[in-house]
Every structure is written in C-alpha cells, then in structure tokens.
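J.:
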Amino acid sequence: MPTVSVGRDCLFEALGCTYTDEEFDELCFQFGIELDDITTEKAIQRKEKHLEEEGVEDDGETIYKIEVPANRYDLLCLEGLAQALRIFNGLDPIPTYKVANIGKESMLEMRVKTETSKIRPYVVCAVLRGVTLDEAKYNSFIELQDRLHQNICRRRTLVAIGTHDLDTIEGPFTYEALPPAEINFVPLKQTRNFRADELMEFYKSDLKLKKFLHIIENSPVYPVIYDCKRTVLSLPPIINGAHSAISLKTKNVFIECTATDLTKANIVLNTMVTMFSVYCERKFEVEPVKVTYPDGKSYVCPDLSIYNMNVPLSYITGIIGVQLPEDKVASLLHKMQLRAEKSVSEDKEVKFVVSVPPTRSDVLHPCDVAEDVAIAYGYNEIPKRKPASLNPLPLSQFSDLIRTEIAMTGYTEVLTWILCSKKEIFSMLNREEDNSAVTIADSRTSEFEVVRPSLMPGLLRTVGHNKDHPKPIKIFEVGDIVLLDDTNDVGAVNRRHLAALYCGANSGFELIHGLVDKIMEATGTNFVSPGNSTGYYIEKSEEPAFLQGRQASVIYGGKRIGTFGIVHPKVLQIITVTTSNICLWRVQVPVQLMPISERQLLACHNSLNSPNSFLFRQFNFLLLINSRRGHP
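The numbers in UniProt numbering rise by one with no breaks, and the one at position 77 of the sequence shown is 77.
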C-alpha cells in the first residue's frame with residue numbers, strides 16, 4: 001500500500017489538536033490506516049545516501065509516514081488526511097463539493113484534435129479560482145500529483161496531470177498530436193527552446209523523467225496542449241512548459257489530465273480539485289471546463305455529482321456480524337464521509353440510501369459500505385465468534401481426499417510454478433512447438449512465458465534440482481493447469497491435475513500400475529477388459545515424451561484419460577542440460593510418467609460419503625515413476 005509522508009506539526013495544525021505518537025497511532029488504527037514510521041527529513045536523506053547516524057543533533061521537523069489503502073486516493077495528501085480524520089472525529093461536517101454555475105458560452109474550452117486518438121485520446125480539465133498558496137500548500141500540491149502518477153496513473157501510462165497558472169495563458173485551448181519536429185517550447189526548469197525530439201534525448205540523462213520517455217518516444221506523433229496564442233502548456237506525459245508554471249503567487253490554477261483511460265482520468269481530476277478546492281476563495285467550488293471532441297460532442301468536467309447506493313441494513317449487519325440500530329449505522333457512515341438516509345421498502349426491509357461523494361471513488365459496491373461501517377465501529381469491538389461450518393467445494397474436497405490417498409503410499413507433496421517456459425513444455429517433453437499453450441503477453445523473463453498445460457515439467461524440474469537427495473524420491477502434486485478453450489469467454493479453462501513421481505534405483509514399471517489401481521479402487525472403479533465401458537483398462541500409447549513400446553494409455557468410458565511410460569532418453573538429456581551441470585543426470589536414470597489429461601475420469605454418485613462420488617468428472621491425473629528399466 002502507498003505510504004504518505006507528512007510533517008507532524010503541519011498535520012496536527014490541520015487537525016486542530018495535538019497527539020502523542022501513541023495516541024496518533026491509535027487514531028490511525030481506528031480509522032483503518034497505519035502509522036508506519038516516525039522519522040525526520042534529515043534522517044530520510046541520510047538513509048537515501050546510506051550515511052551513518054549523526055549523534056543526537058536536532059534533525060528538524062518530525063515526519064509521519066502513514067500507510068493508506070491503495071484505492072483511497074483522497075488520503076494521498078495532507079489535506080485529504082486532515083479532512084478525513086476531522087470528519088471521523090466529529091469536528092467537521094462532510095463537505096459539499098460543487099461546480100460553479102456558469103454558462104457554456106462563458107466556460108473555458110479545450111478542443112481535441114482528431115490525431116490524438118493515435119496516442120492519448122482523452123483529456124479532462126478544471127479550474128481552481130482564487131487559490132491561496134504558501135510553501136507548504138504548494139509542496140503538498142506537487143506531491144499529490146507525484147503520488148497519483150505513481151498510483152492510479154500507473155507511472156503516467158494511464159493518466160498524466162498538468163497544472164498551469166491560468167493568468168499566464170489564454171483559452172480556448174487545443175489538445176493536438178503532432179510530429180516531434182513540429183513541437184517547440186521551453187520546458188519546465190529550462191531556459192532555452194527544445195524541439196520535442198531533442199527533448200527526448202535531453203531527458204534520457206534525467207533520473208526522474210527518463211522512466212516516462214518510453215510512453216511516447218517511439219510514436220510518430222506526440223501529444224501537446226496549446227493555448228490560443230500557440231503557447232505550449234505541456235507535452236504530456238513528459239513535462240509542462242515553463243511559461244505556465246505555477247508558483248506561490250499563482251491565484252488561478254488550470255488543471256488538465258490527458259489519458260488513455262477516461263474513467264481514471266476523471267477520478268484523478270476529481271481528486272486534485274476536491275483536495276485543493278479547500279484553498280479557493282469560494283471554498284469547495286470548482287470552475288468547469290468544456291471539452292469538445294472532433295465529432296462535435298462536448299462534455300463539461302469535472303463531474304462532482306454524488307451518486308446514491310441502496311444498501312439494506314441486514315446486509316451491513318450480516319457482513320459485520322453485529323446487530324446495530326439504524327441510527328448507529330447512519331452515524332458510523334457519516335464518520336467515513338458517507339451520508340445515509342433510512343428508507344423502508346414495501347416488504348418492511350430497512351435500507352439506507354448512501355450518498356457517495358466524488359472523493360470516495362473506492363466505494364463501488366455495498367460491501368464497501370459495510371466495510372466502512374466496520375472500520376468506524378472498530379474491528380476490535382466486533383465480538384469474536386466461531387463462523388458457521390462451511391462446506392468446501394466438491395472439487396477441493398475431492399482433491400484433499402486424493403492427496404491423502406497418495407500421501408499414505410509414501411509420497412511427499414510439492415508445489416511448482418504454474419508459469420513455465422516454452423522449452424519446458426515442448427522440447428523438454430520431446431514435442432514440436434505449437435500454439436497449444438496459453439501465452440503470457442510481454443513476458444519479462446524466458447522462465448515464465450506460458451501457463452503450464454501439464455504438471456510434468458514441474459515435477460521433472462523438481463527432481464533435477466534435487467539430484468543429491470537420497471533415493472528413492474517420491475513426490476506428487478495436485479494443482480491446476482490451463483488449456484485453451486474457444487468455447488470459454490476468456491479463451492481458456494482451468495483443469496485440476498494430479499502428478500506423482502517415483503525415482504529410484506530399481507525397475508518399477510509395476511509400481512505405477514499398483515498406484516493407478518489403488519487410486520481407481522479408492523474411487524470405486526474396477527479394472528475391466530478392453531472395450532468394457534463400466535471400468536478402466538490400459539492399451540498401447542504413442543506419446544513422444546516416452547519410449548516406444550514402454551508406455552500405455554488409461555481408458556475409461558471409451559475415452560483416453562491418461563498415459564504412462566518410460567521417459568524418452570532425449571527428454572532426460574534436455575533435463576540434464578537445463579536443470580543443472582551436475583553429472584548425476586548423465587547416469588540417465590529413466591523416469592516413467594503417467595499423465596492423465598482428459599476432463600472426465602469417473603461418473604459422479606449422489607453421496608459424498610461413497611468412494612464413487614468424488615466428482616472425478618472435473619479431475620485429471622498425471623503419475624510419474626522412475627526406474628533403470630529401459631535404459632539404452
């Protein structure tokens with residue numbers, strides 16, 4: 001979760017009272033945030049520079065590092081923290097934010113050009129009039145932008161914020177996308193003109209800005225905002241222009257947010273204007289801006305409207321586990337900046353109409369309302385109780401039963417990565433590479449390129465990393481694999497598999513047969529003659545991962561549900577190369593595998609108390625065994 005650093009003295013001044021460190025820590029806990037650390041500015045600088053402590057000299061103002069929920073963007077600055085805590089303590093009412101009532105013909109206008117759709121299609125704007133800034137407020141204003149950029153803006157890839165001194169520029173403004181060579185301006189904190197392409201090269205040595213260059217660097221056009229005199233306001237998401245930079249003397253602030261995600265842009269704009277409209281001449285009032293798109297449609301932003309949510313009282317008390325009176329619930333919601341009005345439905349059910357302000361973009365569902373009630377009530381005040389007995393999912397219950405059966409035969413359970421490399425599922429298993437696996441987009445490492453379609457690579461890799469372990473090695477895994485499925489809305493489907501591996505010095509092909517028989521017997525399935533659909537039988541198989549003539553398929557209900565056999569020497573050689581340079585694998589101990597990969601294995605029965613009812617329809621097998629038998 002994000003950590004917000006605020007000066008203790010400034011925070012206490014905004015709160016209107018002082019606390020000891022222990023008292024403030026308790027207040028934070030009650031509000032659902034955490035006082036993570038108490039430090040000083042000089043101590044932070046020493047830590048960043050890896051310097052030693054400097055005795056007992058005065059380190060200046062005490063800094064509180066407060067950890068806040070990742071979706072509480074209103075708590076990312078001192079203003080938001082102070083306001084939320086004052087309302088929580090009953091010192092302030094819930095503020096009412098409003099958009100200044102001016103006609104569209106009098107509004108500032110942002111005109112969006114068609115070319116912006118190629119790189120950054122959305123922009124939202126607002127104006128704060130009559131702002132009074134001092135150094136602390138100015139720093140807080142800048143810090144909130146940085147924290148939003150790191151948080152919801154995803155390092156400016158989704159949203160980039162630009163703030164300008166409105167008195168230095170003149171509307172209407174235009175949001176355009178032009179070739180880099182056509183953009184010239186003086187960037188913030190610089191004194192000479194740069195072309196946009198020159199600016200990219202210039203900032204490659206800037207520790208702060210170079211990490212944002214990739215967002216637009218390779219685009220044929222760069223986004224840029226002009227005023228009516230063709231003065232550059234900003235080159236989003238990189239840098240603002242020096243001409244419109246805000247200062248302590250700024251009275252009117254123009255805020256623009258360019259984005260690839262319009263929803264997040266609106267949240268960011270609302271956060272900026274609601275937090276700092278407290279310093280406006282007309283408190284909590286924001287001047288709107290009209291945004292006109294190329295298709296002629298225009299929108300007025302920001303949208304500071306309140307939306308209402310109907311939440312039953314029974315839903316809130318049911319989640320919390322405490323029966324609370326109606327008035328108490330309404331009071332608790334008020335402490336969390338949510339107005340609530342009681343209503344009674346036709347069936348006599350008590351409900352609350354909860355008004356969610358623009359500062360609380362985290363409230364999306366009635367469960368969020370219930371969570372706020374629990375926080376305001378106090379988690380420590382909720383009586384402890386033993387929850388009602390919960391029945392596990394049938395598939396999970398069956399998985400646990402299979403784990404028990406395998407463990408009782410002497411196998412140890414392992415957990416392997418669900419992501420693996422393409423090499424592990426294709427060449428390592430003596431298969432030609434194809435498009436049969438779910439691929440990870442923009443994988444950062446070759447070790448995690450695909451989602452495993454089998455448990456075989458993980459267990460083989462586990463043996464490869466434990467070559468010095470005393471033999472026999474007996475391990476198993478029960479876990480999900482992922483298969484492509486065009487009939488599913490996400491294009492893939494999860495399947496539960498079982499894998500067991502035996503690695504020993506003696507021939508053990510018969511051991512796998514015994515393990516298969518034991519599992520089948522536990523599920524009430526008998527071994528039958530070929531062609532009989534009432535049980536299971538084995539027949540010859542042709543899998544490339546196994547030796548010819550030393551493998552077989554398991555058939556049930558006329559379908560192949562698995563295969564077992566002695567692993568091909570080519571597979572063992574690849575494992576030797578990819579897992580370790582130790583010579584142990586050069587002994588080429590053959591490993592026998594039984595992968596069971598079809599969706600249905602056994603029919604379900606009515607009672608879970610019966611061995612025949614363990615939902616094998618959803619279960620798949622993979623059994624592995626090792627022996628010297630078949631060693632070339």
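Every residue gets a Cβ at the ideal spot worked out from N, C-alpha and C, and that includes glycine.
Owing to the predicted nature of the structure, the values given are computational and were not obtained by experimental measurement.
#1: Between the C-alpha atoms of G378 and Q30, what's the straight-line distance to the nearest angstrom?
#2: For E23, collect the residues of the same chain with a Cβ closer than 6 Å to its Cβ; drop the 5 residues on either side in sequence, then sort them by chain order.
#3: Between which two residues does the beta strand (DSSP E) harbouring F546 extend?
#4: Using the DSSP secondary-structure output, state which residues sit across from A177 in a beta bridge.
#5: Return the Cβ separation of D9 and E61 in integer angstroms, given the expectation that the two are a contact with Cβ distance under 8 Å.
#6: Roughly how many angstroms lie between the CA atoms of L144 and K570, to the nearest whole one?
#7: Does A330 pass the burial test, meaning 16 or more other C-beta atoms within 10 Å, or should it be called exposed?
#8: Mark M1 as exposed unless 16 or more other C-beta atoms lie within 10 angstroms of its C-beta, in which case mark it buried.
#9: Which whole-angstrom value describes the C-beta separation of T271 and Y73, a residue pair presumed to lie in contact below a C-beta threshold of 8 Å?
#10: Please state whether the Cβ-Cβ distance between E477 and G458 is less than 8 Å.
#11: Taking just the CA atoms, how far does A505 sit from D468?
#12: Are the beta-carbon atoms belonging to K540 and A552 less than 8 Å from one another?
#13: Taking Cβ positions only, does G321 come closer than 8 Å to chain D?
#14: Just verifying my parser: in three-state terms, what is the DSSP assignment at N139?
#15: Note down the Cα distance separating A370 from R360, rounded to an integer number of angstroms.
#16: Is it the case that the Cβ atoms of A14 and A82 are separated by a distance below 8 Å?
#17: Report, in whole angstroms, the separation of the C-beta atoms of G130 and R282, which I expect to be a contact under 8 Å.
#18: Can you name, in chain order, every residue of its own chain whose Cβ lies under 8 Å from the Cβ of K65, other than the five neighbours on each side?
#19: Mapping the DSSP letters down to three states, classify S355 as helix, strand or coil.
#20: Contact check, L148 vs I183 under 8 Å by CB: the rounded distance?
#21: Measure the C-alpha to C-alpha separation of T439 and R461 and round it to an integer number of angstroms.
#22: Around the C-beta of Y222, are 16 or more other C-beta atoms found within 10 angstroms, so that it is buried, or is it exposed?
#23: Would a C-beta distance cut-off of 8 Å place T409 and K518 closer than the cut-off?
#24: Let me make sure I understand the geometry here. Which of G32, S529, A265, A100 has the alpha-carbon closest to that of E67?
#25: Considering only residues of the region 458-487, which uninterrupted beta strand (DSSP E) runs meet the minimum length of 3 residues and lie entirely inside it, listed in chain order?
#26: Enumerated in chain order, which unbroken segments of the alpha helix (DSSP H) with a length of 4 residues or greater are wholly contained in the UniProt domain "B5" (304-384)?
#27: Taking Cβ to Cβ, would you say N240 is nearer than 8 Å to D167?
#28: Hey, how far is the Cα of E432 from the Cα of L401?
#29: Starting from H513, follow the alpha helix (DSSP H) in both directions and report where the run begins and ends.
#30: Buried or exposed: which applies to L623, given that a residue is buried once 16 or more other Cβ atoms fall within 10 Å of its Cβ?
#31: How many Å lie between D434 and G565 at the Cα?
#32: If distances are taken between C-alpha atoms only, which option among G514, D165, R444 comes closest to S247?
#33: Return helix, strand or coil for L156, following the three-state DSSP convention.
#34: Is the region 198-205 touching the region 255-264 in the sense that three or more CB pairs, one from each, lie closer than 8 Å?
#35: With a cut-off of 8 Å on the beta carbons, I'd call F276 and Y97 a contact; round off their distance for me.
#36: So, does the region 410-430 touch the region 438-452, judging by three or more C-beta pairs under 8 Å?
T.: Well, looking at it:
#1: Approximately 6 Å between the Cα atoms of the pair.
#2: Cβ within range, chain order: n/a, list empty.
#3: F546 -> beta strand (DSSP E) spans 546-556.
#4: In DSSP, A177 forms a bridge with P223.
#5: About 6 Å; that satisfies the 8 Å criterion.
#6: Roughly 58 Å separates the two Cα atoms.
#7: Buried: at least 16 other Cβ atoms inside 10 Å.
#8: Flag for M1 reads exposed.
#9: Sure, about 5 Å apart at Cβ, within 8 Å.
#10: Closer than 8 Å, so yes.
#11: Approximately 13 Å between the Cα atoms of the pair.
#12: In this structure, A552 lies closer than 8 Å to K540 by Cβ.
#13: No chain D appears in this structure, which consists of one protein chain only.
#14: When DSSP states are grouped into helix, strand and coil, N139 belongs to the helix group.
#15: Spanning the two alpha carbons is a distance of roughly 14 Å.
#16: A14 is a Cβ neighbour of A82, given a cutoff of 8 Å.
#17: Sure, about 7 Å apart at Cβ, within 8 Å.
#18: Exclusion of the five residues before and after K65 leaves T3, V4, S5, L35, D36, D37, I38, T39 as the residues of its chain whose Cβ lies within less than 8 Å of its Cβ.
#19: Reduced to three states, the DSSP call for S355 is strand.
#20: Not quite, the Cβ-Cβ distance comes to about 25 Å (not below 8 Å), so this is no contact.
#21: Cα-Cα distance, rounded: 20 Å.
#22: Answer is buried; the Cβ neighbour count reaches 16.
#23: Their beta carbons are under 8 Å apart, which means T409 touches K518 by this criterion.
#24: Put simply, of G32, S529, A265, A100 the residue whose alpha carbon is nearest the alpha carbon of E67 is G32.
#25: Whole beta strand (DSSP E) segments, 3+ residues: 473-484.
#26: Along the UniProt domain "B5" (304-384), the alpha helix (DSSP H) occurs as fully enclosed runs of 4 or more residues at 313-320, 326-335, 366-377, listed in sequence order.
#27: Going by C-beta atoms, N240 is not nearer than 8 Å to D167.
#28: Cα-Cα distance, rounded: 36 Å.
#29: For H513, the enclosing alpha helix (DSSP H) begins and ends at 509-522.
#30: Note that L623 has pLDDT 40, beneath the 50 cutoff, so the model's placement of it is unreliable and the number below is only indicative. Buried: at least 16 other Cβ atoms inside 10 Å.
#31: Computed Cα separation, rounded: 23 Å.
#32: Comparing C-alpha distances from S247 to each of G514, D165, R444 shows the shortest one belongs to D165.
#33: Contrary to the premise, residue 156 reads as Arg rather than Leu in this sequence. Collapsing the DSSP output to three states places R156 in coil.
#34: Cβ pair count under 8 Å is below three, so no.
#35: Rounded to whole angstroms, the Cβ separation of F276 and Y97 is 12 Å, and the two are not in contact under 8 Å.
#36: In short, these stretches touch, since the Cβ pair count reaches three.
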